Amino acid sequence: MSDPLNHSYYAATAHEWRPRDHIEDDFSCDVAVIGGGFTGLSAALACAERGFSVILVEAEHVGFGASGRNGGQLIPGLRWTASELDTEFGHERADALFDLCWRDNRVKARIAKHGIDCDLKSGHLEAAWTPGDFDAMRREADYLATRFGYETEVVEKAGMDAHVASPRYHGGVYDARAGHFHPLNYAVGLAKAAEAAGVRIFEGRRATSIRAGDPGQLLLGKVAVEARYFIDATDSWIGDLEPDLGRYTVPIMNYNIATAPLANADELLPSDAAVADSRFVLNYFRLSADKRLIFGGGERYSQTPPRDIAAFVRPFMTGVFPQIADAKIDYGWGGAVGVTMNRLPHIGRRGNMFFAHGFSGHGALVTTLAGELIAEAMAGTAERFDLLANLPSRPFPGGNWLQRPLATLGLLFYALKDRLG
1 MSDPLNHSYY AATAHEWRPR DHIEDDFSCD VAVIGGGFTG LSAALACAER GFSVILVEAE
61 HVGFGASGRN GGQLIPGLRW TASELDTEFG HERADALFDL CWRDNRVKAR IAKHGIDCDL
121 KSGHLEAAWT PGDFDAMRRE ADYLATRFGY ETEVVEKAGM DAHVASPRYH GGVYDARAGH
181 FHPLNYAVGL AKAAEAAGVR IFEGRRATSI RAGDPGQLLL GKVAVEARYF IDATDSWIGD
241 LEPDLGRYTV PIMNYNIATA PLANADELLP SDAAVADSRF VLNYFRLSAD KRLIFGGGER
301 YSQTPPRDIA AFVRPFMTGV FPQIADAKID YGWGGAVGVT MNRLPHIGRR GNMFFAHGFS
361 GHGALVTTLA GELIAEAMAG TAERFDLLAN LPSRPFPGGN WLQRPLATLG LLFYALKDRL
421 G
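Structure, rendered in structure tokens:
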């Protein structure tokens with residue numbers, strides 16, 4: 001775990017993490033999975049459970065990318081609100097998406113089934129940065145209750161101290177069905193379950209191309225894996241294998257810190273809920289099992305990380321919690337998040353190649369779901385897979401040269417609006 005962006009609390013506290021063999025020989029299998037994050041591991045496990053022979057290849061190590069570095073927040077749904085789904089798709093399709101993405105928690109089911117030790121806790125608070133944000137949250141909470149029967153708790157500004165000891169917020173919405181966890185330990189647990197189901201996992205060798213055919217070939221340098229089906233679960237790196245799919249996302253760099261264990265941790269977050277606020281470049285934070293504050297804040301649109309990640313993130317933390325301005329920071333890390341134009345995931349199939357990427361910072365739950373739905377579709381039941389595959393998507397404008405600069409300009413505009421209030 002020598003990556004300078006991954007001096008993370010998660011890497012330091014991973015359970016049973018071990019390096020796996022490089023792939024050195026040619027293989028044949030039913031399914032070849034590229035990517036050892038939540039999507040790839042979930043798909044590999046679900047395929048093996050359905051009787052497919054599966055090989056998973058990961059260029060680095062299991063959980064190396066966003067799956068092992070994220071804020072650990074388990075938030076139901078998609079980046080679009082339920083009312084937006086209703087408006088865009090109508091009641092029937094919105095009902096099906098809601099049942100799939102809000103009610104069907106595959107992560108909790110996997111944790112329970114396989115006994116994955118990943119510090120799972122319940123509760124999530126969406127915190128309003130402005131009074132107008134709180135008004136919108138209240139309306140959406142009412143809509144969830146009346147339209148879908150999904151109950152949340154609207155928290156007035158005066159009641160926010162029960163969840164977060166910060167004067168910064170104007171109210172919020174608490175969801176007891178949501179939660180938080182140690183994401184890298186979840187990935188490690190999925191890998192262990194997948195191997196127990198018969199999946200062969202190889203690390204440390206990068207896939208270089210996929211040759212179409214039935215069967216086709218996945219090439220990793222001079223090594224070839226022949227397979228009936230392929231699953232590209234590389235998210236921010238999908239353009240390396242499929243350049244046209246890479247046009248649907250841009251990588252945004254997110255950064256996190258973990259303090260030393262805090263004596264006053266329970267005072268900062270009395271309900272032990274995870275919190276994310278309503279800024280465009282949001283702050284998100286929670287307590288670890290050993291009472292550290294894990295805080296994410298700030299984004300960069302350059303792939304070059306700050307020289308000092310802790311110094312970069314600390315002002316965002318103290319803007320929310322001035323009472324811990326002098327807290328010692330033990331870990332600082334970052335990673336790339338694949339973001340789509342409309343913030344909805346881009347999931348689909350091209351011949352015998354399935355893909356899922358662009359979870360846009362809202363993937364801790366949906367990635368596991370996407371992986372399992374790919375396995376369902378591969379086994380012949382595609383109705384639920386098609387619900388996600390038919391979400392609207394379009395590539396970023398600008399082609400190979402201007403795509404990233406144009407996307408960055410748009411994101412900077414919204415970040416500036418944050419700063420100006």
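So in UniProt numbering, spot 384 of the sequence shown is number 384, and the numbers just go up one at a time. Glycine included, each C-beta is placed from N, C-alpha and C at the ideal position. Quick caveat, the model's predicted, so the values are computed rather than measured.
- Spatial neighbours of GLU267 in its own chain (CB-CB distance under 8 Å, excluding positions within 5 residues in sequence) are listed in chain order as ALA165.
- In this structure, the CA atom of MET137 is about 16 Å from the CA atom of ASP86.
- With respect to the C-alpha of ALA276, the residue from PHE64, SER83, CYS101, GLY172 having the closest C-alpha is GLY172.
- Contact check for SER271 and ALA336: beta-carbon distance about 31 Å, past the 8 Å limit, so the pair fails to qualify.
- Distance check between SER288 and each of CYS29, GLY179, PHE52 places GLY179 closest, using alpha-carbon atoms only.
- Under the three-state reduction of DSSP, GLU299 is assigned to strand.
- Remark: C-beta atoms of THR39 and THR367 approach each other more closely than 7 Å.
- Inter-segment contact for the segment 316 to 328 and the segment 215 to 224 is absent: fewer than three beta-carbon pairs are separated by less than 8 Å.
- Out of ARG292, LEU245, ALA14, VAL281, the CA that lies nearest to the CA of ASP117 is found in ALA14.
- The residue among ALA224, TYR9, GLU16 with its C-alpha nearest the C-alpha of VAL57 is ALA224.
- Assignment of LEU287 by DSSP, reduced to helix, strand and coil, places it in the strand class.
- About 7 Å separates the Cβ atoms of GLY371 and ALA233, confirming a contact at the 8 Å cut-off.
- As the crow flies, the alpha-carbon of VAL33 is around 44 Å from that of GLY132.
- Excluding residues up to 5 positions away in sequence, VAL33, VAL54, LEU56, ALA194, VAL199 lie with their Cβ nearer than 6 Å to the Cβ of ALA44 in the same chain.
- The beta carbons of ALA127 and TYR174 sit no closer together than 7 Å.
- Exclusion of the five residues before and after ASN352 leaves ASP214, GLY216, ARG228, TYR229, PHE230 as the residues of its chain whose Cβ lies within less than 7 Å of its Cβ.
- For GLY149, there is no enclosing alpha helix (DSSP H), as DSSP marks it with neither H nor E.
- DSSP places THR367 in the helix class (H, G or I) of the three-state scheme.
- Beyond the five residues adjoining it in sequence on each side, ARG106 comes within less than 7 Å, by CB distance, of THR368, LEU369, GLU372 in the same chain, given in chain order.
- By the neighbour-count criterion, in which a residue is buried when 16 or more other Cβ atoms sit within 10 angstroms of its Cβ, LYS113 is exposed.
- Looking at SER393, ASN254, CYS47, the one whose alpha-carbon comes closest to that of ASP244 is SER393.
- For SER209, the enclosing beta strand (DSSP E) starts and ends at 209 to 211.
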